[in-house]
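Sequence positions in the sequence shown follow the working numbering and run 92 to 268. Ideal Cβ placement from N, Cα and C applies to all residues, glycine included. Keep in mind that this is a model prediction, so the values were computed, not measured.
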Amino acid sequence: MKILLHICCGVCASSVMERLKEEGFEVIGFFYNPNIHPGEEYKRRLEITRQVAHILDFPLVEGVYDKENWFKLTAGLENEPEGGSRCAICFGMRLEKTREKASELDIPYFTTTLTVSPHKNAMLINKIGKELGAENFIERDFKKMAGAKLAMEFARRHNFYRQNYCGCASSMKSNQK
Ligand code: SF4
């Protein structure tokens, strides 16, 4: 059973990938994160994701870095706190593109690594995923069963860089993951 996994960063993908494989899914990764700022940071997170794909042996599809579109969609919400309406739009944009890509590649299911972060609202992410994909979206909270801890251990083992902010310019300023 094939699934397209939206990947926010390679380290988060590590424990999620292992879990989905244990569940019997054939997982294809999809890196699509136009929220990441600045461009150097985007390249850095993408490069680590490529390395993780190599280590864990999964195919990786790379999305377009359409940051102008992200800025347009979130305009006026720069001062929203993390977890507010800017984040809901940011989750929705990335999940919508993942749904489209899964359909284009004829992959029946999709989900996201986003819920592995202890800072992310899994209920909100799952609600958005279900609204977009109904039964094609696989609802999970990957931070459960030590998902975040396992990802951190993976990063330490392989000496991978860990960012100290979520991704967008606003989160960089407030320095939150
Ligand atoms: S804080 Fe994270 S989830 Fe929220 S808008 Fe910024 S990058 Fe997206």
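Span of the alpha helix (DSSP H) holding residue i?
i, result
"residue 98", "Careful: residue 98 lies outside any alpha helix (DSSP H), inside the beta strand (DSSP E) at 93 to 98."
"residue 162", "158 to 165"
"residue 262", "260 to 265"
"residue 111", "101 to 113"
"residue 182", "176 to 195"
Looking at the structure shown, is residue i part of a helix, part of a strand, or coil, going by DSSP?
i, result
"residue 151", "strand"
"residue 224", "helix"
"residue 119", "strand"
"residue 251", "coil"
"residue 201", "strand"
Taking its Cβ as the centre, do 16 or more other Cβ atoms sit within 10 Å of residue i, making it buried, or is it exposed?
i, result
"residue 186", "buried"
"residue 134", "exposed"
"residue 160", "exposed"
"residue 261", "buried"
"residue 152", "buried"
"residue 167", "exposed"
"residue 237", "exposed"
"residue 97", "buried"
"residue 248", "exposed"
Mind reading off the beta-carbon distance from residue i to residue j? Whole number of angstroms is fine, and I expect it under 8 Å.
i, j, result
"residue 182", "residue 216", "5 Å"
"residue 95", "residue 193", "4 Å"
>> With three or more C-beta pairs closer than 8 Å as the rule, is the region 97 to 110 touching the region 122 to 142?
In response: Contact between the region 122 to 142 and the region 97 to 110 is present, because at least three Cβ pairs lie under 8 Å.
> Is it true that the region 161 to 168 meets the region 186 to 200, where meeting means three or more beta-carbon pairs spaced less than 8 Å apart?
Replying inline: Under the Cβ criterion (8 Å, minimum of three pairs), the region 161 to 168 does not count as touching the region 186 to 200.
> Does the pairing of the region 113 to 129 with the region 244 to 252 give three or more beta-carbon distances under 8 Å?
Replying inline: No, the region 113 to 129 is not in contact with the region 244 to 252.
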